[in-house]
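Let me begin by presenting the structure, written as structure tokens, before commenting on it.
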Amino acid sequence: MTVAAGDTPLIAVSDLAASYGHVAALKPTSLYVAPGEFVTILGPNGAGKTTLLRAMTRLIASSGRISFNGRDVTGLRTHDLAKLGIIMVQEGRGLFGEMTVQENLSLGAYSLGGSSAELERRYAKVFELFPRLRERAGQIAASMSGGEQQMLAVGRALMADPKLLILDEPSLGLAPRVASEILSTLGELNKAGLGILLVEQKAPLALKLAQRVYVLSSGYVRAELQTHEIKSHHDLARYYFH
Amino acid sequence: MTSHAITSTKAGFKLDSVTVGSVLAVLLLFCAVFIYGGYLVTVLQLAMIYGIFCLGLNFFMGYTGQASFGQNAFAAIGGYGTAILCVQYEWEPALALMVSMVVAGVAALVVGYPTLRLRGHYLAMATFALGLITYDISVQWTSLTQGYMGYAGIPPLGIGPFTVEDERLKLVCLIVLLLIGLWISQRLRDSRFGRALRAISGSENGAAALGIRISRYKLAAFVIAAVYASAAGSLFAHTVGFISPEVFGLQMVVVTFTMLYVGGVGTVYGPVIGAIVASLLPEVFRSTGRFQDIAYAAVLLLMLIFVPKGLSALAGLVRSRRAKQEG
């Protein structure tokens, strides 16, 4: 899926750059996600993938421009972006380990305020996708398995009713079967119209779902490819070690 | 699952032998103190006041996970506010207490707005400076605070014609006020507001990514802590009848930190448990004479080593050990 001339992308960043001290972790980078599109960012360790996501969600200071649904959101802070519907599942899940599953989920719907009926609708949607979370509602998040924690992290993000879901390596540390299960759920969500931006090390899994791929290496976008253009891993590898 | 079952996230209170035993021990202690009276009544009065202070401190340090070494400043505002209003202007004690709480809340808002932009050690140092500045003001601004002389003759707590003169009755009033403070603390902790605070404590970035406005919530927690501290300062003034700069000095910071960590920082009941235990322990070791401080410090160290999450976590610790043995 591409954005035709005149169409507004869901999110577009241009010349986004970020550094840690004197080290430029992300050099001026531009990318976009079209409405309802599934985009994957691939790249080796240290390529700047997490930095890119953190810069996009204003978790770290950055330069460049960000627009969301055609609106310039460069000056907004993380919580404002979340209220607009840009929700990120961070690397390592970012759960509140000492809270219960239910408390974590309710925090996902934080921006909703007090609307109980809508809250119930969102709970029902999350429990339908991840029935295990309903069974574990009263359990402390830290006491769950890695796979269940990742389900909770995604479920909590869905409680915010996102317009764009950003995920940073959701399969990290998970058994292949569990990782595949979670990524399949993301595919279903995308089919239902949710825009997804996924950073993933497990390229084969990610490529099955994504419509478009950005390859990041040494802080630069080395390539932008349609997934159907990628015939073999060699097509990607040559960008990895540019 | 019903609507209520899904949205309710209240913390459970599990009854087991440790909890029941602890509650019974506290009840017995209070009964004995009421019957025999004497010095222990005063010790428990102060424990209740410190408990109120620690409940507030727990909002900022426990629930929100921030460091503040300057809450004594707001206790000083409460203490001096109530002393000045009652002694110089003959206000009703209850009214003076409430006005002082409002003043402390506004002061926390004004001071907290720029200060809470700092994080970690920088925030701790800034709040520490706040406590030191307040101490200096209470010493130097003699026309307002009477310097080292302090304020004497502060009337006991009361409303209209009713004043609480009897020491046992004072203790009852303080217990009731502490329980009200505890109830508010628990209600807020289990609310949407409380969950947001605990999310900030868990991960500021994680909380912000969910739409939580970090700076606003930190400020709210700081103000709540200040209001509790002010109430404690005012209650101290009305209970003891005298205040001086030393009452709200560095010693108060050390004592309240000890109470909070002994009881369990971030827990609902920890601040109260810590206040009672840390107030009574020195009295337990009084008979050891010059070894009193050493014995007190040794017991505190043992507590921190064997119950690092505080005494309020003791029941959970015993439960999990039993489960391991049975498993």
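Going line by line, the protein sequences match chains A and B.
Counting with this note's numbering, you get residues 1 to 242 for the letters of the first sequence.
Counting with this note's numbering, you get residues 1001 to 1327 for the letters of the second sequence.
All C-beta atoms, glycine included, are put in the ideal place defined by N, C-alpha and C.
Note that the C-beta distance between THR1145/B and ILE1137/B is below 9 Å. For GLU118/A, there are no C-beta contacts with chain B under 9 Å, since the nearest C-beta of that chain is about 11 Å from it. Under the DSSP assignment, VAL199/A falls in the beta strand (DSSP E) whose first and last residues are 195-199. In the structure shown, VAL1106/B falls within a helical segment according to DSSP collapsed to helix, strand and coil. With a cutoff of 9 Å on beta-carbon distance, GLY1112/B and PHE1222/B are scored as near each other.
Against chain A, the CB of SER1100/B has no partner CB under 9 Å away; the residue lies outside that interface. Only residues of its own chain outside the window of five on either side were considered, and among them ASN1058, MET1061, GLY1062 and GLY1310 have a CB closer than 7 Å to the CB of VAL1265/B, listed in chain order. Three or more Cβ pairs drawn from the stretch 21-29 of chain A and the stretch 218-229 of chain A lie within less than 8 Å of each other, which places the two stretches in contact. Taking C-beta atoms under 8 Å as the contact rule, ILE1077/B and SER1201/B fail to qualify, at a distance of about 26 Å. When secondary structure is reduced to three states using DSSP, SER14/A falls in the strand class.
Taking C-beta separations shorter than 6 Å and ignoring five residues to either side along the sequence, the partners of GLY1270/B in its chain run GLY1263, GLY1264, GLY1310 and SER1312, following chain order. Sixteen is the threshold: since fewer than 16 other Cβ atoms of the shown chains lie within 10 Å of the Cβ of PRO131/A, the residue is exposed. Going by DSSP, ASP168/A is part of the beta strand (DSSP E) stretching over 164-168.
One alpha carbon belongs to THR1019/B, the other to LEU1123/B, and they sit about 36 Å apart. Closest by C-alpha distance to GLY1070/B, out of GLY1038/B, ALA1129/B and PHE1034/B, is ALA1129/B. As for any beta strand (DSSP E) of minimum length 3 sitting wholly inside the stretch 17-70 of chain A, the runs are 23-33, 38-42 and 63-68, ordered along the chain. Around the beta carbon of VAL101/A, 16 or more other beta carbons lie within 10 angstroms, which makes this residue buried.
Inside the stretch 70-133 of chain A, DSSP marks whole beta strand (DSSP E) runs of 3 or more residues at positions 86-89, from first to last along the chain. Going by DSSP, GLN139/A is part of no alpha helix (DSSP H) at all; its letter is neither H nor E. Taking the C-beta atoms as reference points, LEU1044/B is found nearer than 9 Å to VAL1033/B. Annotation: the continuous alpha helix (DSSP H) that includes SER1017/B extends over 1017-1036. Nearest CB-CB separation between LEU1219/B and chain A: not below the 9 Å threshold.
By the neighbour-count criterion, in which a residue is buried when 16 or more other Cβ atoms sit within 10 angstroms of its Cβ, CYS1031/B is exposed. Judged by DSSP in its simplified three-state form, PHE1242/B adopts strand. Here DSSP, grouped into helix, strand and coil, assigns GLU1167/B to helix. Look at the beta carbons and you see the stretch 145-165 of chain A touching the stretch 88-95 of chain A: at least three pairs across the two are nearer than 8 Å. For the pair ARG1168/B and LEU1235/B, the Cα-to-Cα distance works out to about 15 Å. If you check the CB distance, GLY1211/B and ALA160/A come in under 9 Å. Closest option to LEU1260/B, judged by alpha-carbon separation, among VAL1099/B, ALA1075/B and CYS1054/B: CYS1054/B. The residues THR29, ILE41, LEU42, GLY43, ALA47, GLY48, LYS49, LEU52 and ARG222, in chain order, have a CB closer than 8 Å to that of LEU216/A in the same chain once the five nearest residues on each side in sequence are set aside.
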